[in-house]
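Q:
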Amino acid sequence: MTLRYSAPMPENLRHFMRARQHPARAVDCPHCGVPAHRPCVLRKSGRILTEPHPQRVSAWAQTTACCPQCQVEPTTPCHDEGRARITVHERREEEARVTAA
1 MTLRYSAPMP ENLRHFMRAR QHPARAVDCP HCGVPAHRPC VLRKSGRILT EPHPQRVSAW
61 AQTTACCPQC QVEPTTPCHD EGRARITVHE RREEEARVTA A
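Take 1 as the starting number for the sequence shown in UniProt numbering and just add one per residue.
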C-alpha cells in the first residue's frame, strides 16, 4: 500500500488553475446564492450556467475596482447623482476586467 501526502495548494497557483473561469466567480452570487468559485445555476431547475449572472458580475466589479464615472472606492455601490444604482456602471465593469487581466 502506497501512502500519498498532499500539501495544500498555494492561493496564487489555485488562481492560475482557475484562470479560464470568469473572474466574477471569485465572489458569491447574490442572485442564485452559490458560493465563490462555483458556477451560477438557475434557481428553479438547478441547471448550471456557462456565464455568471449579471448581478454577480456587478458584485465582483464593486468589490475589485474604483468607478471612474461616479468616483467611488471599491466596495462602495455606484450612484447616479446621489441615487444608488442596482448594478455598477459599465466603465467600472471594464476597469475590473482590466484589473483582473
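Yeah, the Cβ is synthetic: ideal placement off N, Cα and C, and Gly gets one too. As the structure is a prediction and not an experimental result, all values here were calculated from the model.
Using only alpha-carbon positions, find the residue among C70, P30, S45, P39 that is nearest to R56.
A: If we check each option's Cα against that of R56, P30 comes out closest.
Q: Measuring straight from C-alpha to C-alpha, what distance separates Q69 and E11?
A: So the alpha carbons of these two residues sit roughly 32 Å apart.
Q: Please classify V88: is it buried, with 16 or more other beta-carbons within 10 angstroms of its beta-carbon, or exposed?
A: V88 is buried by the Cβ-count criterion.
Q: In this structure, how does DSSP classify V98 when only helix, strand and coil are distinguished?
A: Here V98 sits in helix by DSSP.
Q: Below 8 Å CB to CB, which residues in the same chain sit around P35 once its five sequence neighbours on both sides are set aside?
A: Here the set comprises D28.
Q: Count the other C-beta atoms from every protein chain shown that fall within 10 angstroms of the C-beta of A61, then say buried if there are 16 or more, exposed otherwise.
A: That one is buried.
Q: From what residue to what residue does the alpha helix (DSSP H) around T63 run?
A: Run containing T63: 54-64, per the alpha helix (DSSP H) assignment.
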